[in-house]
Structures are given as C-alpha cells and as structure tokens.
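Peer 1: For the sequence shown, this note's numbering gives the first residue as 415, with consecutive numbering after it. Glycine included, C-beta positions come from ideal geometry on N, C-alpha and C. Remember, predicted model here, so these are calculated numbers, not experimental data. Below is one structure. I have some questions about it.
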Amino acid sequence: MLIGILSDTHLDDYNEDFSRQCKIAFNDCDTIIHAGDLTDLAVLEPFHGKKIYAVSGNMCNRLAQQTLPKERVEQLEQCRIGISHGEGPKHNIEDRLFATFAGVDCIVYGHTHVACCHYYGKTLMINPGSFKGTGPYGAPGSYALLEIAGDKLSASIHSL
C-alpha cells in the first residue's frame, strides 16, 4: 500500500496548478493523508477516487473545522496510524503527539512546515512539510510517501 501524505496547503479553493502537482506527486497512491491546514475542503478535490484521511488544522475555515476531526487513528493493513495537524509550540510538538497517540506505529502531523521522517522510540514520525512551499526561508514544497507492507513501514520525503 502506497500512501501520499501532505499538509499545510493553505489554499482557499481548488486551482489547476495544485491539481497538477498532486497528480504528479501522488499518481501511484490510492490513499491520501492530509495532515491539516488544507484551509478549504475544495483542496481535497484532486484526490477524487482515492481513499482520503484528513484532519483539520488551526488555519482551516469553519466548514473544514466542523467537517474534519482534529485527530484520528486509522488501521491501514497491520499498522495503526495517528493523524493530527498538531498545535501550540513547535519545539516539543512530537513529545505531545507521542503522548496523544500512545501505542500507534506511525504518527503523521503538520503545523511546523518543516519536513521530517524519523523514529521516536519505535514510532515512525512523519511531517511532510508544507506542500505549497510555505516553509521557513522559502523552502520548496514537500510531501511524503509512506509504504506499508503488512506491519512494515517505509517512508520518504520529496520536494516538488
């Protein structure tokens, strides 16, 4: 199973450039995780036909905040995946998420706009960064790919 992961798109509505980038980045993925701050639900339109797991973030509009959960846990193959945008101070965000999602195999989050992929104990932590390149110091847009084979996880960060 190949999962495309993005976060912090900060778009107010659907646009062709975003749709084109999504098709290139996630063409081989049948599942998408959006870790919040999509801003508007229209951002999910390019993923029509794919299984989507999304959460709201602090910059989402009212409808997105009312429609999407703030956090969720999903069973994908034999792995439990915790998904949250994250909130509050960025310096200890992983500590707080690890406490929130105790016992999961992987935690996907956003909020910091800084891409990372590493283990926190036995838990794989993935932050895809900002898909639209709103990271620090003009960083390019980024996303993550997560491959699950039974109970095995493998992830990577990619630039647009």
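Alanine 478 lies in the alpha helix (DSSP H); which residues open and close that run?
Peer 2: Start and end: 476-481.
Peer 1: My guess is that asparagine 475 and aspartate 454 are in contact by the Cβ rule of under 8 Å, so how many angstroms apart are they, rounded?
Peer 2: 6 Å between Cβ atoms; contact.
Peer 1: Are three or more beta carbon pairs between the segment 507-518 and the segment 459-475 nearer than 8 Å?
Peer 2: These segments do not touch.
Peer 1: Which residue from Tyr428, Asp431, Val457 puts its Cα closest to that of leucine 575?
Peer 2: Residue coverage of the chain in this structure runs from 415 to 574, which leaves residue 575 outside it and unanswerable.
Peer 1: Once DSSP output is grouped into helix, strand and coil, what is the label at cysteine 443?
Peer 2: The answer is coil: DSSP assigns cysteine 443 none of H, G, I, E or B.
Peer 1: Is the Cβ-Cβ distance between proline 542 and alanine 478 less than 9 Å?
Peer 2: Not a contact, by the Cβ cut-off of 9 Å.
Peer 1: Would alanine 569 and cysteine 531 qualify as a contact pair, given that the criterion is a beta-carbon distance under 9 Å?
Peer 2: Yes. Within cutoff.
Peer 1: In angstroms, rounded to a whole number, what distance separates the CA positions of tyrosine 533 and lysine 464?
Peer 2: In a straight line, the C-alpha of tyrosine 533 is about 27 Å away from that of lysine 464.
Peer 1: Can you tell me the Cα-Cα spacing of leucine 490 and aspartate 426, whole angstroms?
Peer 2: Taking the straight line joining both Cα atoms gives about 30 Å.
Peer 1: Let me confirm a value: lysine 413 is counted as buried when at least 16 other C-beta atoms fall within 10 Å, else exposed. Which label applies?
Peer 2: Here the chain comprises residues numbered 415 to 574, so residue 413 is not present and cannot be evaluated.
Peer 1: Leucine 452 and alanine 468 - do their beta-carbons sit closer together than 9 Å?
Peer 2: Yes. Within cutoff.
Peer 1: Mapping the DSSP letters down to three states, classify leucine 455 as helix, strand or coil.
Peer 2: Correct three-state label for leucine 455: helix.
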